[in-house]
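Line by line, the protein sequences give chains A and B. Okay, so the first sequence: first residue is 1 according to my numbering, each after it adds one. Okay, so the second sequence: first residue is 473 according to my numbering, each after it adds one.
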Amino acid sequence: MTEELKKQTENVDDLYEEVSEWHINVGGIKIVAKRLAGRFRTLKWMGMSIWSVLFLGPYFRWNDSQAILFDLPNRQFNIFEITIYPQDIWMLSLTLLFFAILLAAVTSIAGRVFCGYFCFQTVWTDIFTWLEGKLEGNTPQKAMKFNNAPWSANKFGRKGFKHTLWLLIGLLTGISFVAWFTDAFGLWTNLFSLQISVTAAIIIAAFTFGTYTFAGFMREQVCFWLCPYARLQGVMYDQDTLLPSYDAERGEPRGRIKKGQDNSAKGSCVDCNVCVAVCPTGIDIRKGQQEGCITCGMCIDACDSIMDKVKQPRGLIRYASYKELHHNAASIPLYKRFRVIIYAAILLSALSGIVYGFMHLSPTEFKVVHERQPLFVRLSDGSIQNKYTIKLLNKTKQTLDISFGIKGLDGATLHGLKLMTVEPGKVVPVTALVRVPEDKLKEGVTPIIFTGEVLSDSNITLHYKSMFMAPK
Amino acid sequence: MAENKNNPSQVGDTGHVWDGIRELDNPCPRWWLNSLWLSGLIVIVYFILYPSLPLINDSTKGLLGWTQIKEFKEDLAKVEAIRAPFETQLAAMSAEEILADQEMLNYAVGSSKVLYGDNCAACHGTGGAPAEAAGYPNLTDDDWLFGGSVNEIQMSIANGRAGTMMAHANLLNETEVDQLVQFVVDSSNGTANEAGLALFNAKGCFACHGADAKGIKAMGSANLTDKIWRFSGDEEQIRHTILHGVNDASDPETRIAVMPQWSEKVAIMLQVRADAIADEEDLNDIDWSDELEGDEAERLTETEIKKLAVYVYQFGGGQ
Numbered sequence: 001m002t003e004e005l006k007k008q009t010e011n012v013d014d015l016y017e018e019v020s021e022w023h024i025n026v027g028g029i030k031i032v033a034k035r036l037a038g039r040f041r042t043l044k045w046m047g048m049s050i051w052s053v054l055f056l057g058p059y060f061r062w063n064d065s066q067a068i069l070f071d072l073p074n075r076q077f078n079i080f081e082i083t084i085y086p087q088d089i090w091m092l093s094l095t096l097l098f099f100a101i102l103l104a105a106v107t108s109i110a111g112r113v114f115c116g117y118f119c120f121q122t123v124w125t126d127i128f129t130w131l132e133g134k135l136e137g138n139t140p141q142k143a144m145k146f147n148n149a150p151w152s153a154n155k156f157g158r159k160g161f162k163h164t165l166w167l168l169i170g171l172l173t174g175i176s177f178v179a180w181f182t183d184a185f186g187l188w189t190n191l192f193s194l195q196i197s198v199t200a201a202i203i204i205a206a207f208t209f210g211t212y213t214f215a216g217f218m219r220e221q222v223c224f225w226l227c228p229y230a231r232l233q234g235v236m237y238d239q240d241t242l243l244p245s246y247d248a249e250r251g252e253p254r255g256r257i258k259k260g261q262d263n264s265a266k267g268s269c270v271d272c273n274v275c276v277a278v279c280p281t282g283i284d285i286r287k288g289q290q291e292g293c294i295t296c297g298m299c300i301d302a303c304d305s306i307m308d309k310v311k312q313p314r315g316l317i318r319y320a321s322y323k324e325l326h327h328n329a330a331s332i333p334l335y336k337r338f339r340v341i342i343y344a345a346i347l348l349s350a351l352s353g354i355v356y357g358f359m360h361l362s363p364t365e366f367k368v369v370h371e372r373q374p375l376f377v378r379l380s381d382g383s384i385q386n387k388y389t390i391k392l393l394n395k396t397k398q399t400l401d402i403s404f405g406i407k408g409l410d411g412a413t414l415h416g417l418k419l420m421t422v423e424p425g426k427v428v429p430v431t432a433l434v435r436v437p438e439d440k441l442k443e444g445v446t447p448i449i450f451t452g453e454v455l456s457d458s459n460i461t462l463h464y465k466s467m468f469m470a471p472k
Numbered sequence: 473m474a475e476n477k478n479n480p481s482q483v484g485d486t487g488h489v490w491d492g493i494r495e496l497d498n499p500c501p502r503w504w505l506n507s508l509w510l511s512g513l514i515v516i517v518y519f520i521l522y523p524s525l526p527l528i529n530d531s532t533k534g535l536l537g538w539t540q541i542k543e544f545k546e547d548l549a550k551v552e553a554i555r556a557p558f559e560t561q562l563a564a565m566s567a568e569e570i571l572a573d574q575e576m577l578n579y580a581v582g583s584s585k586v587l588y589g590d591n592c593a594a595c596h597g598t599g600g601a602p603a604e605a606a607g608y609p610n611l612t613d614d615d616w617l618f619g620g621s622v623n624e625i626q627m628s629i630a631n632g633r634a635g636t637m638m639a640h641a642n643l644l645n646e647t648e649v650d651q652l653v654q655f656v657v658d659s660s661n662g663t664a665n666e667a668g669l670a671l672f673n674a675k676g677c678f679a680c681h682g683a684d685a686k687g688i689k690a691m692g693s694a695n696l697t698d699k700i701w702r703f704s705g706d707e708e709q710i711r712h713t714i715l716h717g718v719n720d721a722s723d724p725e726t727r728i729a730v731m732p733q734w735s736e737k738v739a740i741m742l743q744v745r746a747d748a749i750a751d752e753e754d755l756n757d758i759d760w761s762d763e764l765e766g767d768e769a770e771r772l773t774e775t776e777i778k779k780l781a782v783y784v785y786q787f788g789g790g791q
């Protein structure tokens, strides 16, 4: 081996050394996280409780019908008083934009808040592990003891009960999801009389299986290796982002405090490993920022409780920005951060769009389609006739009677169009013929305006600009 | 030892070493492997349930007995089931009743689009307006040779039409033809003179086109006073029509203008009648109920013709 190659090999060995302590969690070891009460634990419970809306929401009634119903077969969303038709779907786009940007904005300010406190993967896993802890022991030691014990009626019963509960939660999740898209009470009736539709059954089965697998077995592996948001959000941090971090300057060198010894050279970290024990994804926060951290703050609660016991100030692990930890510098105030300003602007415009949409939901959708083939017809008296299809969608809850007219084109007469009656939620196409004497036409294409008058409600005005075609 | 240092987690290696870098043999995550086996299992289940393995003339059938054509037929049956109540109702309604009923009208128009495209559009154009040079009647204007009411349109489709105009090449001299061409052009512009009208009457044109030159519906003769031309308003083309006529078998250059019979019933009756005449049988002996029974629909059914009449009517020219 030449000198150069030898040197190279040594460098490679250094590389191995550097990562020798690094543990990559690929699910080989099941993580049993200890549960401790604390500020962030309370916050997490609060975030999780929002999901009760998923389970209870569909049963809320409004004016004798389901308050919120995403009625896909009838192509309409019923939200309290309002009915949204596919024509208003741009509002849905804005809503999605709003939440996507909200995710980015929150991540930029305080990290993966979504992951830690609200994400369904986190929430359902937390419930599942809570049940598991109750039945099989809530520390790694107790869990190992339980699992290594020989099979007994007690062990079998507990295991069976756990899996039954998991499946029931999964089933309830699936049923609750489907209940948003169909009559919720009818769904239960159909479930018990086994008359549920195949689509609903497949969705419920998929949810049950998905919930059972993802929250019961995959757990943090989803966050590590499946979830795109985990990686996506990671790149939205900057040096001002608040993240749960270990204050190494204060904590190191870590070491256990021994009675009767001089502990003044040691840092604040007593190396109790409680922060690792409570972590739901099994990482050691003291190693710095890493992909497994869902920023739930459980380690902060744990460390604070230990600091209280050893009579040291709290905050060895705390929400802190990179700047604060490494440069002792204060973070830039929110309103001066470029990203936050941009996010806020997008959020505001999306929100104003949605508000505008709800304020201006048109009670009708009025469209006039000019016949393409033929564009015009010469009649026996030499006048030119154009054919139009008028489409009117009634988005109100009453039947509408509408009379039509035209304006803006001298000499034009309307034929073949009578009074039109449109039932709620229906669209009726009607043919309209417009005739113009040839001497009144100067150009090949002339604008023409179709108007409609709702007989029962003078507040609704219909207006559509179209074209009248003639030979040049 | 260097080896231990390189391999802190003590996993085995594949024995491959490049420049001191050893390829470790870390196992794949178990959930990942499980997913792989599961997908393999799905393939096997699929092979058992669905047609999959190609044989020489066929393939394995699969336990579910699923085929594409079966699924297609089931979907088709679903569409037919939706249409059935409308079709039953349509069969019992007259064309005029359909026009008066907005819902039935929408159904008739919607479901006739393909029917029209398959049977009519080749001559009359997709939207009812053929290219002028093609020489077929425009169905969107208000000029109808045989009448523009929906019942008359229905009759025209069912029984077919073939109006005739005799060739005048041997009956008129060149000056007379010139004068008549001029008269027809002037009539359309509303500037016809007395001399032209006199010649029009003297040559017997009025017999078919009417004393006022506005055509006679019963004969399907053209209205010469309006702005619409059955063939063309070009003087040379008018001359050609006068000289060679329309559907005049004696003139090889005559204009052909035949609308076929679209009624299955009418077509069979005409065929049976023609056969009977050829065989020199007595027409009164034909048993029509027997002749018309059980024949496959080769053309259009009565309901289809009715729907087409409504469809053509709503092009905008119906009267």
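The C-beta atom is built at its ideal place from N, Cα and C for all residues, glycine as well. Owing to the predicted nature of the structure, the values given are computational and were not obtained by experimental measurement.
Among the residues of chain B, those whose CB is under 8 Å from the CB of Val428(A) are Gln574 and Asn578, following chain order.
Here His596(B) is buried, its C-beta having at least 16 other C-beta atoms within 10 Å. With 16 or more other CB atoms across the displayed protein chains lying within 10 angstroms of its CB, Arg35(A) is buried. By the C-beta density criterion, His640(B) is buried, having at least 16 other C-beta atoms within 10 angstroms.
The residues Met236 and Tyr343, in chain order, have a CB closer than 7 Å to that of Ala104(A) in the same chain once the five nearest residues on each side in sequence are set aside. Here Gln398(A) is exposed: its Cβ has fewer than 16 other Cβ atoms, across all protein chains shown, within 10 Å. Under the 8 Å criterion on CB atoms, Gly282(A) is classed as non-interfacial with respect to chain B.
Burial of Gln121(A) is indicated by the presence of at least 16 other C-beta atoms within 10 angstroms of its C-beta. For Gln66(A), the closest Cβ of chain B is not nearer than 8 Å.
With contacts defined as CB atoms closer than 8 Å, Ala634(B) and Ala729(B) qualify as a contacting pair. Counting the other Cβ atoms within 10 Å of the Cβ of Ser193(A) gives fewer than 16, which makes it exposed. Looking at the backbone, the Cα of Lys258(A) and that of Cys269(A) are separated by about 13 Å. In this structure, Thr173(A) is the residue among Thr173(A), Ile196(A) and Gly444(A) with its C-alpha nearest to the C-alpha of Thr211(A). Residues of chain B with a Cβ closer than 9 Å to the Cβ of Val26(A) are, in chain order, Asn498, Pro499, Cys500, Pro501, Arg502, Trp503 and Trp504. For Trp734(B), the secondary structure class from DSSP, reduced to helix, strand or coil, is coil. With respect to the C-alpha of Glu624(B), the residue from Gly692(B), Glu559(B), Gly534(B) and Val656(B) having the closest C-alpha is Gly692(B). Using a Cβ-Cβ distance cut-off of 8 Å, the stretch 314-322 of chain A and the stretch 58-68 of chain A are not in contact, since fewer than three pairs of beta carbons, one from each stretch, lie closer than that value.
The beta carbon of Gln786(B) falls within 8 Å of a beta carbon belonging to chain A, placing the residue at that interface. The criterion of a C-beta distance shorter than 8 Å is not satisfied by Ser197(A) and Asp614(B).
When C-alpha distances from Tyr522(B) are compared across Lys686(B), Gly534(B), Ala563(B) and Gln561(B), the shortest belongs to Gly534(B). About 6 Å separates the Cβ atoms of Ser735(B) and Ile777(B), confirming a contact at the 8 Å cut-off.
Nearest neighbour of Phe655(B) by Cα position, chosen from Leu671(B), Asn642(B), Leu644(B) and Leu643(B), turns out to be Leu671(B). Here the stretch 66-84 of chain A does not lie against the stretch 322-341 of chain A, with fewer than 3 beta-carbon pairs under 8 Å apart. The count of Cβ pairs closer than 8 Å, one atom from the stretch 157-168 of chain A and one from the stretch 130-147 of chain A, reaches three, so the stretches are in contact. When C-alpha distances from Leu168(A) are compared across Arg250(A), Phe114(A), Phe185(A) and Trp124(A), the shortest belongs to Trp124(A). Look at Ala639(B): its C-beta is not under 8 Å from any C-beta on chain A. For Ser52(A), there is no enclosing beta strand (DSSP E); the residue is found in the alpha helix (DSSP H) stretching over Ser52 to Leu56.
With respect to the 8 Å criterion, Val422(A) and Ile390(A) are not classified as neighbours on the basis of their beta carbons. For Glu291(A), there is no enclosing alpha helix (DSSP H), as DSSP marks it with neither H nor E.
Shown in chain order are the members of the stretch 368-391 of chain A whose Cβ falls below 8 Å from a Cβ of chain B: Glu371, Arg372, Gln373, Pro374, Val377, Arg378, Leu379, Ser380, Asp381, Gly382, Gln385 and Lys387.
Residue contact check for Ile710(B) against chain A: no CB pair falls below 8 Å. Residues of chain A whose Cβ lies closer than 8 Å to the Cβ of Ala601(B) are, in chain order, Gln373, Pro374 and Val377.
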